[in-house]
């Protein structure tokens, strides 16, 4: 099923800058040829969906299982540890009866570091450690046959082999000029015997490939070590996918001659992003392997493209490729922290807009049959274990299989990891194209962002696939148009590199912001809507540039009663906050802040208390602060609305993070999940239950999240009606030192919608016990409406250490004794109307008749009765 939402057509705006994740199609990025993206190892579903329409282009791989002959062959440079039969370039026979045979095989058009072993007669054979005149002898050959192997690394200054010169038949076939400068080759010398070796052997060589430049090991470019780009003698062996891609981008040269690669300038390859990709590839995994490793015989020549060398390496690390104004770089497959969150209010719906919540069925995958290049099978392509997602298979009702060939993968553990990624990623189905406001100008292609949508009733994470800036115009400045694809932490295995920072340091831990900087408190006065002076305090701090920070939590308390805690929250784009709620005139207060970090990426402590004294605003004769009560009521509605949706979103995210260290507060995480789904025609019904428990340093949480969902679609595949129930029970304890907080939440949230109109009913209870005080809240709340037109009613019970309150939100308040119904209070146009009231004692400041001709005043120094005729 495909759910598409299109805004009204709008004229296309001029675009001045467009950047994106570029090259080929991938289902993670929309699954169409026009999507203009590549996602390497995540492209399983795209291959499955597009195989019939497009022939697979030839790509480089980790082996050559047949000996090559002839001239004018493509240049080949081997990287990592690979297997090859080599390019046969010379044979010489000499000695009595020509019993000695010399064969020369080119194994790389650039340096290599050694021959690990050779394959002979279906077995791997080791080489003697002693280097004789003929080379290193092959050990373990039956019947006493003798074969020697000599390896030349391919240095530009290497000399010709003396045995080839001395034994050339006839003399002069091989001379001192045959140095093979820049060519790594192997000489196989064999002794022919009637009873053991009657013909020259056919060997496969396992080659330790080219030394590569790793900028992380170059002190002069921000790394640490002796590597230098202009000195190949400082380079070292590497099986790191990103290191190989970097060398291919820069180009691999013999002297000034480009052998393979693109020859790109170093300035076009931003090292901060490349360092991150390289580090992720090198991460050790629990199975003993690195996260991603590769081997590749890269080629150059007629019909061979740079992309045919890069594609297997991207596929081998589930990587995407970014082409941006700042340069080109890979994003290796790993979890990322969400860098920012936008809502429906941030979208310009007057511009072109589309949203699809489901993939076409042809792009869904529940079974992956992968292959890799196996060293133990003599570098032949062999199958990986077939991966089947039983839950997805049950949901799809049929097997949807994809065959994926990892031609640069030589470790089955890496291949299994990539197959798991491919099968999980296809279940993240939503994609969108939309225009958001200029405050999101700094988001980058490849980053993960979150969309909290009330209109479509979801909170999802997306990766930015493309980004374009609109032209300056009357309707706004530099709106940002983005193409998005749903992602999530369930796709990848845990990683220590959850965020691709804008300027990452190549060595050491990230420098996170610990608290807001230059925090100041300025007491002031606020004039209310009735002209009344109110005490206030303006909080100011420096702009926040740390992308892991989602916002700032604020607490403030009266010094005379620190158990009475008032709270406020500010997003990262806010640097000035005005406090009014709860403040009293000429009183000593204290306030503090704490950064709210994305998805709990690290523990953050409260700042020290900062004292201030409110200004003297005098007072009036009323003991009730009506404006303060109005603000409190708005806070209750926010607590049962947006804050509740954020609580549910975080609970859903916690369940999705099992097996991930994205939330580093928890070291041990356990999850029980149940699902049940039914589909018939255009009707769907789904039940999900997740019980999650986790503990870590100073933190513990347990929750049960249950959701019910039903949906009916039209013949045009549009939503006709849907209904949802969410039930959340959650308890958690968090603390640093003596600052410990215990919180319990119980939520029952019901929603039903039809034709764009939503009816919602919510019940929430929360209890909090903390060093700063204790609170208990209960709310019943309902609303009906659409867009900006709503009717709402609610009952709120709020208790803290000093105050208890019951607040009612409604247009009418009706009381009945079972026989008679009375509406004693009716709010209309902001005015409270009452009827049929009997008062024994009435204390007022002023009484005025409805025609304003009778006024009685009794406040301050006034005491009079005024009658107007």
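In this note's numbering, the protein residues as written are 120 to 988. Cβ coordinates follow ideal geometry from the N, Cα and C atoms, glycine included.
### Query
Going straight from the alpha carbon of residue 879 to that of residue 842, what length do you get?
The count along the chain shown starts at 1 and reaches residue 879 at position 760. The count along the chain shown starts at 1 and reaches residue 842 at position 723. Taking the straight line from one Cα to the other gives about 10 Å.
### Message
Rounded to whole angstroms, what is the Cα-Cα separation between residue 417 and residue 321?
### Response
Position 298 of the chain shown, counting from 1, holds the residue named residue 417. Position 202 of the chain shown, counting from 1, holds the residue named residue 321. Distance between the alpha carbons of residue 417 and residue 321 is about 23 Å.
### Message
According to DSSP, simplified to helix, strand and coil, what is residue 750?
### Response
Position 631 of the chain shown, counted from the start, is the residue given in the question as residue 750. DSSP places residue 750 in helix when its eight states are reduced to three.
### Query
Near residue 824, which residues of its chain fall below 7 Å by C-beta distance, leaving aside the five closest residues on each side in sequence?
Working through the chain shown from its first residue, we reach residue 824 at position 705. Within the same chain, residue 824 has close Cβ partners 770, 771, 774, 809 and 847.
### Message
Contact defined as beta carbons within less than 8 Å: I believe residue 436 pairs with residue 361. What is the distance between those atoms, to the nearest angstrom?
### Response
By one-based count along the chain shown, residue 436 stands at place 317. By one-based count along the chain shown, residue 361 stands at place 242. Confirmed, Cβ separation roughly 7 Å.
### Task
Could you say if the segment 562-572 and the segment 455-470 meet the contact criterion of at least three C-beta pairs nearer than 8 Å?
yes
### Query
In the DSSP assignment, what residue or residues form a beta bridge with residue 909?
Residue numbering aside, residue 909 sits at position 790 when the chain shown is read from its first letter. For residue 909, which the question treats as bridged, DSSP gives the partners 904.
### Query
Going by Cα to Cα distance, which pick from 806, 301 and 279 is closest to residue 291?
Here residue 291 is taken as the residue at index 172 of the chain shown, counted from 1. Of 806, 301 and 279, the residue nearest in Cα terms is 279.
### Message
Counting C-beta neighbours from all protein chains within 10 Å, is the total for residue 909 16 or more, i.e. buried, or is it exposed?
### Response
Numbered from 1 along the chain shown, position 790 holds the residue referred to as residue 909. So residue 909 ends up on the exposed side.
### Task
Go through the segment 782-867 residue by residue and report every complete run of the beta strand (DSSP E) that reaches 3 residues or more, in order.
787-799, 802-815, 818-832 and 838-855
### Query
Under the rule that 16 or more other beta-carbon atoms within 10 Å means buried, what is residue 981, buried or exposed?
Here the question's residue 981 lines up with position 862 in the chain shown. Classification of residue 981: exposed, given that the 10 Å Cβ count is below 16.
### Query
What does DSSP give as the partner residues of residue 935 in its beta bridges?
The count along the chain shown starts at 1 and reaches residue 935 at position 816. Note: residue 935 sits in a beta bridge opposite 940.
### Query
Using the beta-carbon count (16 or more within 10 Å), is residue 956 buried or exposed?
As a first step, residue 956 must be located in the chain shown, where it is residue number 837. So residue 956 counts as exposed.
### Message
Does residue 973 come out as helix, strand or coil in the three-state DSSP assignment?
### Response
One-based indexing of the chain shown puts residue 973 at position 854. Strand at residue 973.
#### Entry: Where residue 386 falls: helix, strand or coil (DSSP)
Within the chain shown, the letter at position 267 stands for residue 386. Note: residue 386 maps to helix in three-state DSSP.
### Task
Under the assumption that residue 408 contacts residue 532 (Cβ atoms under 8 Å), give the Cβ distance between them as a whole number of angstroms.
In the chain shown, residue 408 corresponds to position 289, counting from 1. In the chain shown, residue 532 corresponds to position 413, counting from 1. About 4 Å; that satisfies the 8 Å criterion.
### Message
Quick check: the segment 182-190 against the segment 203-210, are at least 3 beta-carbon pairs closer than 8 Å?
### Response
yes
### Where residue 340 sits in the DSSP three-state scheme
Counting from 1 along the chain shown, the entry for residue 340 is found at position 221. If DSSP states are grouped into helix, strand and coil, residue 340 belongs with the helices.
### Which of helix, strand or coil DSSP assigns to residue 99
Outside the displayed span of the chain (120 to 988) sits residue 99, for which this structure offers no information.
### Query
Where does residue 276 land, buried or exposed, given buried means 16+ other C-beta within 10 angstroms?
Reading the chain shown from its first residue, position 157 is the one you call residue 276. With fewer than 16 other Cβ atoms within 10 Å, it is exposed.
### Task
Starting from residue 525, trace the beta strand (DSSP E) both ways and give me its first and last residue.
Residue mapping note: residue 525 aligns to position 406 of the chain shown, counting from 1. Unbroken beta strand (DSSP E) run through residue 525: 520-525.
### Query
Between the C-alpha atoms of residue 585 and residue 443, what's the straight-line distance to the nearest angstrom?
As a first step, residue 585 must be located in the chain shown, where it is residue number 466. As a first step, residue 443 must be located in the chain shown, where it is residue number 324. For residue 585 and residue 443, the distance between alpha carbons rounds to 9 Å.
### Query
Using the C-alpha atoms, what's the distance from residue 538 back to residue 731?
As a first step, residue 731 is located in the chain shown; it is residue number 612 there, counting from the start. As a first step, residue 538 is located in the chain shown; it is residue number 419 there, counting from the start. Answer to the nearest angstrom: the Cα atoms are 59 Å apart.
### Task
Hey, could you find the ends of the alpha helix (DSSP H) residue 495 is sitting in?
Along the chain shown, read from residue 1 onward, the residue named residue 495 stands at position 376. Element bounds for residue 495: n/a, residue is neither H nor E.
### Query
Do residue 471 and residue 576 have their C-beta atoms within less than 8 Å of each other?
As a working note, residue 471 is residue 352 in the chain shown. As a working note, residue 576 is residue 457 in the chain shown. Taking 8 Å as the Cβ cut-off, residue 471 and residue 576 do not qualify as a contacting pair.
### Task
Decide yes or no for the touch test of the segment 419-429 against the segment 510-522: beta carbon pairs closer than 8 Å, at least 3 of them.
no
### Message
Only counting the same chain, and skipping five residues up and downstream in sequence, which positions put a Cβ closer than 6 Å to that of residue 630?
### Response
Sequence index remark: in the chain shown, residue 630 carries index 511 (1-based). Around residue 630: no qualifying Cβ.
### Query
Does the ligand SAM have a heavy atom nearer than 7 Å to the CB of residue 427?
Summarising the ligand content, the structure contains no ligands, and the ligand SAM is consequently not present.
### Query
Using a C-beta cutoff of 8 Å, does residue 354 count as contacting chain D?
Protein chain content of the structure displayed is limited to a single chain, and chain D is not contained in it.
### Query
For residue 691, which of 284, 827, 461 and 281 has the nearest alpha-carbon?
By 1-based counting over the chain shown, the position of residue 691 is 572. Nearest C-alpha to residue 691: 461.
### Query
Could you check where the alpha helix (DSSP H) with residue 360 kicks off and where it finishes?
Position 241 of the chain shown, counted from the start, is the residue given in the question as residue 360. Looking at the DSSP string, the run of the alpha helix (DSSP H) that includes residue 360 is 360-369.
### residue 600 vs residue 759 beta-carbon contact at 8 Å
Residue mapping note: residue 600 aligns to position 481 of the chain shown, counting from 1. Residue mapping note: residue 759 aligns to position 640 of the chain shown, counting from 1. In this structure, residue 759 does not lie closer than 8 Å to residue 600 by Cβ.
### Task
With a 10 Å radius around its C-beta and 16 neighbouring C-beta atoms as the bar for buried, classify residue 256 as buried or exposed.
Translated into positions along the chain shown, residue 256 becomes position 137. Answer is buried; the Cβ neighbour count reaches 16.
### Contained beta strand (DSSP E) runs [length at least 3] in the segment 644-715, N- to C-terminal order
652-659, 668-677, 685-690 and 695-698
### Message
Using only the alpha-carbon positions, how far apart do residue 293 and residue 221 sit?
### Response
Translated into positions along the chain shown, residue 293 becomes position 174. Translated into positions along the chain shown, residue 221 becomes position 102. Roughly 12 Å separates the two Cα atoms.
### Query
Helix, strand or coil: how does DSSP classify residue 394 here?
Within the chain shown, residue 394 is the residue found at index 275, counting from 1. Helix.
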